[in-house]
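S.K.:
Numbering (this note's numbering), first residue to last: 367 to 488.
1. Using the three-state DSSP reduction, which class does residue 463 fall into: helix, strand or coil?
2. So, are the CB atoms of residue 461 and residue 472 less than 8 Å apart?
3. How far does the alpha helix (DSSP H) with residue 433 in it reach, from first residue to last?
4. How would you label residue 456, buried or exposed, when you count the other beta carbons within 10 angstroms and need 16 or more for buried?
5. Considering only the beta carbon of each residue, do residue 484 and residue 411 sit closer than 8 Å?
6. Let me know if residue 449 comes out buried or exposed under the rule of 16 or more other beta-carbons within 10 Å of its beta-carbon.
7. Candidates 467, 442, 432, 418: which alpha carbon is nearest residue 382's?
8. Taking the beta strand (DSSP E) that residue 449 falls in, what are its first and last residues?
9. What is the C-beta distance between residue 380 and residue 423, in whole angstroms, given that I count them as a contact (C-beta under 8 Å)?
10. Below 8 Å CB to CB, which residues in the same chain sit around residue 439 once its five sequence neighbours on both sides are set aside?
11. For residue 454, which residues from the same chain have a beta carbon less than 7 Å from its beta carbon, with the 5 sequence-adjacent residues on both sides left out?
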């Protein structure tokens, strides 16, 4: 399950992952992020906040997740991975070499530090 909020004054999207990710979760996230990008042109930062490695409800949800990542990567300046999950940390380390945004890891409890990093100029 994905819950999220767009913090307009920060130019950030904070995504909370809990439970299996569904296609409808990703469709709603995509609509809202696309609307924000149309209005502002860019997202300063995306914060992924998760206690554990996410699971997908089905293959379609996984494919929608990958589609979201590749479709939006050039419109997001920074991604903060806020987790203590070793598997998710490894995925984000690998993503540093394949995706456009600057990616940095923070411990699960350090969401405020992640938001501060998003605020900094690149």
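Heads up, the beta-carbon is just placed ideally off N, CA and C, and yes, glycines get one too.
M.R.: Quick answer:
1. helix
2. no
3. 425-438
4. exposed
5. yes
6. buried
7. 418
8. 442-449
9. Not really, about 21 Å apart at Cβ, beyond 8 Å.
10. 465, 466, 467
11. 416, 419, 447
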